[in-house]
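Have a look at the structure below before the remarks.
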Amino acid sequence: WARPLERLDLHRLSTATPQTRGMAAWGTAEGSASVLSKQARTAVVREVHIDGLSVLKIVKHCKDDLPNPAAGTLLGLDQKGVLEVTHSFPIVGPKSAEDEAYGEDYHEQDQEYQMEMMLSLREVNVDNNRVGWYQSMFLGTFNNIKLIQNLLSYHESIANSVVILYDPIQTAKGKLTLRAFRLSEKFVEAVKRDKNEFIPPAEILEELPIKIRNPGLINALLFDLQGNERLDCDFERLDLSTNPFLEKNLEYLSAWVDDLAQEQYKFQSEVRRDKWRRKQNPEGGAEEEFQAPDRMASLLVSNQISEYCSQIHHFTGASFGKLFLAGSLHKDV
1 WARPLERLDL
11 HRLSTATPQT
21 RGMAAWGTAE
31 GSASVLSKQA
41 RTAVVREVHI
51 DGLSVLKIVK
61 HCKDDLPNPA
71 AGTLLGLDQK
81 GVLEVTHSFP
91 IVGPKSAEDE
101 AYGEDYHEQD
111 QEYQMEMMLS
121 LREVNVDNNR
131 VGWYQSMFLG
141 TFNNIKLIQN
151 LLSYHESIAN
161 SVVILYDPIQ
171 TAKGKLTLRA
181 FRLSEKFVEA
191 VKRDKNEFIP
201 PAEILEELPI
211 KIRNPGLINA
221 LLFDLQGNER
231 LDCDFERLDL
241 STNPFLEKNL
251 EYLSAWVDDL
261 AQEQYKFQSE
271 VRRDKWRRKQ
281 NPEGGAEEEF
291 QAPDRMASLL
301 VSNQISEYCS
311 QIHHFTGASF
321 GKLFLAGSLH
331 KDV
């Protein structure tokens, strides 16, 4: 859940090994996408279709692991620009400092577990092609360096891989928060060029629309349940307690604004130092190229600030409707 205080440069990302890039959902994507890597490149994915059963598994896993982060593997197939997620299973991450101390040995065991799980699923005629991973997020906080590293690691072997983010805190307020992201083509090209160039923060990640679908038998069951005359009330949507949610969003927003100010201060300090060096050595200053500080950290911070502002805007808009409704009911009473 931490804010991205680490530094990230495009050169390190384009030349790093899987071990230095980090583990995608506590495990790298390499070695498990041999089927997809041999296929011809398909159309770029523009939409994600996920089965209702997979959504329930993601929701249950993330809820059971609270307050710890949760992650898992997504299985399916991409066809004609649509990524179909038909199955998912959780990944057991390190639970203690002792697990973290094992380092590579622990991650190798995790890799073996994932491979055995996919082989077992293949034996029962379940799609076993990895198409990405899912993980939980807290109050919409997901713009961090580790997420970008994992997406790049997946992208090397699975061009149309995605990450699905689930927020159990916002879902508890009555709105299912399930979002899918992939790396934008512009950002991938910038990494390949290996240049420390500016990219609009909103163009680092590309959000894809999610459509939840159910097989015919499940639709028939849901239709049959509609006739149930039992009283079923959903009181979460009527919750008028908006202060805790808004306070947390504003608290995180102010913290990330401070981070952005620090990043800008670092950039200005570097510019002043370079200007001073050129004054001290005017003859060699023209030959020395200015090494601009890495921009990735500030871009991710800017993108996350935009996410917080959007969340506050949508949440307050819905809250005003509830307050007006409650006010009208009080007048009638």
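Residue numbers for the sequence shown follow our numbering, beginning at 1 and rising by one. We treat Cβ as the ideally placed atom computed from N, Cα and C, and that holds for glycine.
Span separating the alpha-carbon of residue i from that of residue j
i: L178; j: A220; result: 24 Å
i: P67; j: E47; result: 30 Å
i: L250; j: N125; result: 48 Å
i: E203; j: L260; result: 18 Å
i: E112; j: V92; result: 12 Å
i: V162; j: H313; result: 26 Å
i: V191; j: F181; result: 18 Å
i: K336; j: E270; result: Residue 336 falls outside the range modelled here, since the chain spans only 1 to 333, and no answer is possible.
i: E123; j: T316; result: 49 Å
i: L300; j: Q311; result: 17 Å
i: N281; j: R273; result: 12 Å
i: I145; j: W276; result: 32 Å
i: D110; j: A255; result: 34 Å
i: F245; j: R278; result: 50 Å
i: V257; j: S298; result: 10 Å
i: S302; j: S54; result: 32 Å
i: H155; j: K266; result: 31 Å
i: E189; j: L222; result: 45 Å
i: D194; j: D64; result: 41 Å
i: R213; j: S153; result: 29 Å
i: Q334; j: I58; result: Lying before the first or after the last residue shown, residue 334 is absent from the chain, which here runs from 1 to 333.
i: P209; j: K60; result: 22 Å
i: L36; j: E207; result: Bear in mind that the predicted position of L36 carries a pLDDT of just 41, short of 50, making it unreliable; the figure below should be weighed with that in mind. Rounded to whole angstroms, L36 to E207 spans 22 Å at the Cα level.
i: D224; j: K248; result: 41 Å
i: H87; j: T73; result: 9 Å
Residue i and residue j closer than 8 Å at C-beta
i: Y252; j: Y308; result: yes
i: C62; j: P168; result: yes
i: V82; j: V45; result: yes
i: H49; j: K211; result: yes
i: D127; j: L56; result: no
i: Q304; j: N143; result: yes
i: N129; j: L75; result: yes
i: M117; j: F89; result: yes
i: G140; j: Q170; result: yes
i: A71; j: Y134; result: yes
i: V131; j: I158; result: yes
i: P69; j: S136; result: yes
i: P422; j: S306; result: Any question about residue 422 goes unanswered here, given that the chain covers just 1 to 333.
8 Å contact criterion, which residue i and residue j should meet: CB distance rounded
i: S184; j: L205; result: 6 Å
i: F198; j: R295; result: 6 Å
i: I218; j: G52; result: 6 Å
Endpoints, alpha helix (DSSP H) assigned at residue i
i: D294; result: Per DSSP, D294 belongs to no alpha helix (DSSP H) and is neither H nor E.
i: L66; result: From DSSP, L66 is part of no alpha helix (DSSP H); its letter is neither H nor E.
N-terminal and C-terminal residue of the beta strand (DSSP E) that residue i is part of
i: V48; result: 47-51
i: V44; result: No beta strand (DSSP E) contains V44, which DSSP labels as neither H nor E.
i: V82; result: 82-91
**OP:** Could you name each continuous beta strand (DSSP E) segment of 3 residues or more that falls completely within the stretch 97-184, going from the start of the chain to the end?
**Re:** 130-136, 162-166, 178-183
Subject >> Length at least 4, wholly inside the stretch 183-219: the alpha helix (DSSP H) runs in chain order >> reply: 185-193
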